[in-house]
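Contents: one structure, followed by commentary.
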Amino acid sequence: MNDEHRDPEFEPIARLIREEEEAALAVFRRRDFGRRVMARLEESKQGKRGRFRLWKILVPTTAALFLIAAGAVLLLHRARISDSGGATRSFISVLQDLPGLAELASRRDSAPGREEDIQNIPQSIRDGLAMAGRQKANEEENVPPPKRALDVPRLSLEKKMAVLFKDRAIERVLVSVREKSKEV
Amino acid sequence: MMRKGIGILALVCVLAGGLAAMDDGPAPATKAGYALLNLYVKSFQEMATRGSTGLDMENRLRTMAAEAKRALDAGEINLVFSSRYARILAVTKLVVTPDESKILVPVIDRELTEFLWAVTGEDAAAWYKAGGPSAIGMVANALAEEIINLQIYLDTLDKREAIRKKLDERISTPVK
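Here it is in structure tokens:
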């Protein structure tokens with residue numbers, strides 16, 4: 032303290048200030064404020080890194096799932112266009128190709144007495160197998176209809192015009208058929 | 006990395022949207038109509054390439070007529086398309102129908118000239134003047150025109166119906 036403040040009246044105030052200062056410093060040292068601040072900062076950084084790691088996993092996984100879903104939709108769509116029963120058949124064939132289920136099916140066919148094995152399979156899979164079997168039987172019963180006359184390749188307007196006006200297909204056929212009928 | 010991930014997600018979303026929007030081609034209301042036109046054109050293309058007989062053409066026309074009737078009964082084509090398509094088949098058959106005794110000549114000529122006038126605007130005088138293969142050529146040209154007219158009719162059917170619906174709504178809405 033400065034000498035000018037060594038006033039007897041100021042002395043108690045200065046002492047109080049010193050005591051408060053020392054108490055504050057003691058608290059500060061005891062609680063180790065600096066280390067706690069650094070520790071908190073470190074925790075915060077680690078948290079960010081953890082979240083970043085989570086994103087790194089989450090984004091590609093979600094993208095992969097979307098791709099798989101899109102692929103499945105495309106396959107189902109094509110299967111539906113090309114063959115209305117194709118999706119069901121694919122499902123049945125996938126079920127039949129599963130090693131456990133194929134073995135179970137063969138056992139059931141060859142040894143009908145082994146019911147205890149079947150009982151060990153979860154009910155949901157047994158239901159699925161039964162449903163697939165019924166659908167397969169239905170499909171086998173329903174013979175696919177013969178190819179309809181309207182199942183012709185699609186022709187664009189340009190292609191049609193080329194056949195009709197450039198090749199003059201109608202005129203050629205009409206003239207040819209008329210002449211043949213006259214000959215007869 | 007995160008940007009790449011978001012980019013992939015956006016791409017996948019666009020692809021999925023495209024797949025969802027992808028349909029089987031034309032609307033069911035016009036699909037059978039297009040198929041009938043394709044069948045006619047394809048049949049004539051085949052007959053022109055491989056050669057044909059009256060019996061072959063008769064069978065093909067019969068198949069087309071049966072498919073058109075089935076499509077009309079199933080509501081897959083409308084009456085406008087059905088009647089115009091049936092007229093194409095009828096005119097085609099009239100051209101090649103043998104008529105040794107010439108008994109049907111007035112009927113056939115009347116039908117063919119009416120068809121020509123309705124489709125290409127050519128009058129009966131031009132038809133009689135042309136005669137022979139040239140007259141057949143005029144009918145064939147009119148048949149081809151009518152096929153294209155029907156194709157364009159199907160192409161614009163949705164738009165016509167939408168516009169008519171809009172007009173009907175305007176008419177039915179009271180003026181304020």
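First to last, the sequence lines map onto chains A and V. Heads up: the first sequence runs through residues 32 to 215, numbered per the working numbering. Heads up: the second sequence runs through residues 6 to 181, numbered per the working numbering. We put the CB at the ideal spot given by N, CA and C, even for glycine. Model, not experiment: these values are computed from the prediction.
First and last residue of the alpha helix (DSSP H) that includes residue i?
{"i": "residue 45 (chain A)", "result": "42 to 62"}
{"i": "residue 180 (chain A)", "result": "No alpha helix (DSSP H) holds residue 180 (chain A); DSSP gives it neither H nor E."}
{"i": "residue 187 (chain A)", "result": "Neither: residue 187 (chain A) is in no alpha helix (DSSP H) and is coded neither H nor E."}
{"i": "residue 63 (chain V)", "result": "59 to 78"}
{"i": "residue 117 (chain V)", "result": "110 to 124"}
{"i": "residue 131 (chain V)", "result": "129 to 135"}
{"i": "residue 162 (chain V)", "result": "162 to 177"}
Quick check: is the beta carbon of residue i nearer than 8 Å to any beta carbon in chain A?
{"i": "residue 87 (chain V)", "result": "no"}
{"i": "residue 106 (chain V)", "result": "no"}
{"i": "residue 123 (chain V)", "result": "no"}
{"i": "residue 166 (chain V)", "result": "no"}
{"i": "residue 91 (chain V)", "result": "no"}
{"i": "residue 100 (chain V)", "result": "yes"}
{"i": "residue 118 (chain V)", "result": "no"}
{"i": "residue 35 (chain V)", "result": "no"}
{"i": "residue 161 (chain V)", "result": "no"}
{"i": "residue 58 (chain V)", "result": "yes"}
{"i": "residue 95 (chain V)", "result": "no"}
{"i": "residue 174 (chain V)", "result": "no"}
{"i": "residue 79 (chain V)", "result": "no"}
{"i": "residue 72 (chain V)", "result": "yes"}
{"i": "residue 131 (chain V)", "result": "no"}
{"i": "residue 138 (chain V)", "result": "yes"}
{"i": "residue 111 (chain V)", "result": "no"}
What residues of chain A sit near residue i, judged by a beta carbon separation below 8 Å?
{"i": "residue 154 (chain V)", "result": "Under the 8 Å cutoff, chain A gives no residues; its nearest Cβ is about 11 Å from residue 154 (chain V)."}
{"i": "residue 135 (chain V)", "result": "What residue 135 (chain V) touches in chain A: nothing, since even the nearest Cβ is about 13 Å away."}
Could you name the residues of chain V that residue i contacts, counting a contact when the two beta carbons are closer than 8 Å?
{"i": "residue 183 (chain A)", "result": "40, 43, 44, 47"}
Since residue i meets chain A, which of its residues come closer than 9 Å, beta carbon to beta carbon?
{"i": "residue 145 (chain V)", "result": "195, 199, 200, 201, 202, 203, 204, 205, 206"}
{"i": "residue 68 (chain V)", "result": "180"}
Please classify residue i: does DSSP put it in a helix, a strand, or coil?
{"i": "residue 201 (chain A)", "result": "helix"}
{"i": "residue 83 (chain V)", "result": "coil"}
{"i": "residue 118 (chain A)", "result": "Confidence in residue 118 (chain A) is poor, its pLDDT being 49 and thus under 50, which makes the residue's placement too unreliable to answer from."}
{"i": "residue 105 (chain V)", "result": "coil"}
{"i": "residue 39 (chain A)", "result": "coil"}
{"i": "residue 56 (chain V)", "result": "coil"}
{"i": "residue 91 (chain A)", "result": "helix"}
{"i": "residue 138 (chain V)", "result": "helix"}
{"i": "residue 48 (chain V)", "result": "helix"}
Say whether chain V places a C-beta atom closer than 8 Å to the C-beta of residue i.
{"i": "residue 106 (chain A)", "result": "no"}
{"i": "residue 209 (chain A)", "result": "yes"}
{"i": "residue 85 (chain A)", "result": "no"}
{"i": "residue 69 (chain A)", "result": "no"}
{"i": "residue 103 (chain A)", "result": "no"}
{"i": "residue 180 (chain A)", "result": "yes"}
{"i": "residue 186 (chain A)", "result": "yes"}
{"i": "residue 2 (chain A)", "result": "It is not possible to answer for residue 2 (chain A), since the shown part of chain A is limited to 32 through 215."}
{"i": "residue 75 (chain A)", "result": "no"}
{"i": "residue 214 (chain A)", "result": "no"}
At a CB-CB cut-off below 7 Å, which residues of chain A make contact with residue i?
{"i": "residue 142 (chain V)", "result": "202"}
Which residues in chain V sit within 9 Å of residue i, going by Cβ to Cβ distance?
{"i": "residue 191 (chain A)", "result": "42, 43, 46, 149, 152, 153, 156"}
Handout entry: Touching by the beta-carbon criterion (3+ pairs, under 8 Å), the segment 152 to 162 of chain V and the segment 75 to 89 of chain V
Key = yes
Problem - the segment 39 to 54 of chain V / the segment 62 to 74 of chain V touching (three or more Cβ pairs under 8 Å) - result: yes
Exercise for the section: Evaluate the contact criterion for the segment 136 to 150 of chain V versus the segment 196 to 204 of chain A: three or more CB pairs, one atom per stretch, below 8 Å. Expected result: yes
Practice task
Determine contact between the segment 91 to 104 of chain V and the segment 112 to 119 of chain V, defined as no fewer than three beta-carbon pairs at a distance below 8 Å.
Solution key: yes
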